[in-house]
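Residue numbers (the UniProt record's numbering): 1 to 322.
From the three backbone atoms N, C-alpha and C, an ideal C-beta is built for every residue, glycine too.
Keep in mind that this is a model prediction, so the values were computed, not measured.
Structure, as C-alpha cells:
Here it is in C-alpha cells:
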C-alpha cells in the first residue's frame, strides 16, 4: 500500500510517500480501503515528534478516514465487504488501507459523499464526547468555542446551535468571524482586539467552554465561566503549564476537564461512535450540520496540506484523497 511517513521529526518536508505491506484485520477488526483522510492539528504535532501514537496503534499519521470495507476480521458482524463507511482512528489514515476496531466504524450519514465523509469522524466524536457527553451542554445554555473557524470549531458551532444553545465563537479575522456567524454563532469575538471574558461576563458567563489553547487561556477561561460552568480543554496550542486560581473556580462551583480522544480505550471509543451515529448523524442527514471543507488534495500533497494547517489560514477541514 501507499502511505505517508515522517522520515524524521520536522516540518512538512519530512513527509514522504512510501510503499508498505498491506495491513491485515485481526479478530474484532475491519480492513478498510481508504478513499480519503483528513488532516488534523494532532497530525502536525505527531509529524514534529510531540504526539506519538498510543501503544499498539499504527505509527502512520491520520486519525480519521472514509472508504469501503475490504475485509472482516474474525468475529465481526454487522458489516459486509464493499460497505461505504467512515472511521475514527488512533493512527494509520494516511494510507491506502487501514485496520480499524469494528466499534470505531460508522456508516456514512445520508446525503454525504464518500470523500466528504472523511471530514466527519474526528470532529464529530471530539465535539459530541466533550461538549455533550462530558460537559452536558443543554438547550438554552451559553457555549463558547475557541477557534470557531477551524475543523472542531465549525462543527461545534453547528451542532450546539442545532441543539438550542446560545453560541459564542472566537476567531482572528473578519472572514473567519463571518463564517462562524453563517454557521450559527450568535456572537462572534475577534480575539485579536476583543476580550472574550468581557463579552461573556456581560451575559453572565459561559456554561460550557471548549478550549484548544490550554495554558494561555486557562485563567481567562475560568474568569469567563458562569456559575456551575464547565471548561473542557482539548488542546495545548497555547502551552502546557498555566496557573489555576482555585478560589475563583470554587466561587463559581465550576469544573475543569482536560481530555484526549486518541488515547482512550477502544471500548470507550466504540461507545462514543455509537452515540455519534445515534445523535449526530441525523443532524447531518437533514442538513443542520454539514462538513466544512477548505481543500481537497491528493495524498501526494500531504506536505502542502500540513503547510496549510501550519499557516492557520484555512477554515474547516483539509482532506487528502487516495
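Unbroken alpha helix (DSSP H) run spanning residue i, endpoints
i	result
residue 190	Segment 187 to 190 is the beta strand (DSSP E) holding residue 190; no alpha helix (DSSP H) there.
residue 66	No alpha helix (DSSP H) contains residue 66, which is instead part of the beta strand (DSSP E) from 64 to 72.
residue 37	It is not in any alpha helix (DSSP H) - residue 37 instead sits in the beta strand (DSSP E) that spans 29 to 39.
residue 251	246 to 252
residue 306	302 to 311
residue 241	Neither: residue 241 is in no alpha helix (DSSP H) and is coded neither H nor E.
residue 217	215 to 224
residue 157	151 to 162
residue 293	Premise fails: residue 293 lies in the beta strand (DSSP E), 293 to 298, not in any alpha helix (DSSP H).
residue 282	281 to 285
residue 175	174 to 183
residue 121	121 to 127
residue 196	196 to 201
Spatial distance of residue i from residue j (CA atoms)
i	j	result
residue 324	residue 195	What the structure shows of the chain is the stretch from 1 to 322, and residue 324 is not part of that stretch, so it cannot be assessed.
residue 10	residue 289	35 angstroms
residue 226	residue 249	10 angstroms
residue 308	residue 291	18 angstroms
residue 19	residue 312	31 angstroms
residue 321	residue 95	10 angstroms
residue 7	residue 228	47 angstroms
residue 293	residue 183	13 angstroms
residue 114	residue 252	45 angstroms
residue 56	residue 82	27 angstroms
residue 154	residue 148	6 angstroms
residue 1	residue 93	12 angstroms
residue 144	residue 89	27 angstroms
residue 34	residue 62	11 angstroms
residue 125	residue 112	17 angstroms
residue 58	residue 247	43 angstroms
residue 45	residue 297	20 angstroms
residue 13	residue 201	44 angstroms
Same chain only: Cβ atoms within 8 angstroms of residue i, ignoring 5 sequence neighbours per side
i	result
residue 79	30, 69, 72, 85, 102 and 105
residue 190	170, 171, 172, 173, 174 and 177
residue 260	234
Same chain, Cβ closer than 6 angstroms to residue i, neighbours up to 5 away in sequence not counted
i	result
residue 38	64, 118, 119, 317 and 319
residue 263	54
residue 255	230
residue 135	208, 230 and 232
residue 270	103
residue 36	66, 115, 118, 319 and 321
Cβ neighbours of residue i in the same chain (closer than 7 angstroms, five flanking residues each side left out)
i	result
residue 258	233
residue 28	73, 75, 76, 101 and 102
Residue i, buried or exposed, once every other Cβ within 10 Å from all chains shown has been counted against 16
i	result
residue 138	exposed
residue 245	exposed
residue 43	buried
residue 302	buried
residue 207	buried
residue 141	buried
residue 24	exposed
residue 192	exposed
residue 385	With the chain running from 1 to 322 in the structure shown, residue 385 is simply not present.
residue 224	buried
residue 87	buried
Limits of the unbroken beta strand (DSSP E) element including residue i
i	result
residue 209	206 to 211
residue 88	84 to 88
residue 110	Premise fails: residue 110 is in no beta strand (DSSP E) and is neither H nor E.
Residue i: CB within 7 angstroms of a non-hydrogen atom of the ligand MG
i	result
residue 158	In terms of ligand content, the structure shown is empty, and the ligand MG therefore cannot be addressed.
Looking at C-beta atoms only, is the number of pairs between the segment 280 to 287 and the segment 104 to 121 that lie closer than 8 angstroms three or more? Touching, per the Cβ criterion.
Cβ pair count under 8 angstroms reaching 3, the segment 234 to 253 against the segment 211 to 224: Yes: the two stretches touch, three or more of their Cβ pairs being nearer than 8 angstroms.
If you pair each beta-carbon of the segment 50 to 61 with each one of the segment 159 to 168, do three or more pairs fall below 8 angstroms? Contact check between the segment 50 to 61 and the segment 159 to 168: fewer than three CB pairs, one atom from each, fall below 8 angstroms, which does not count as touching.
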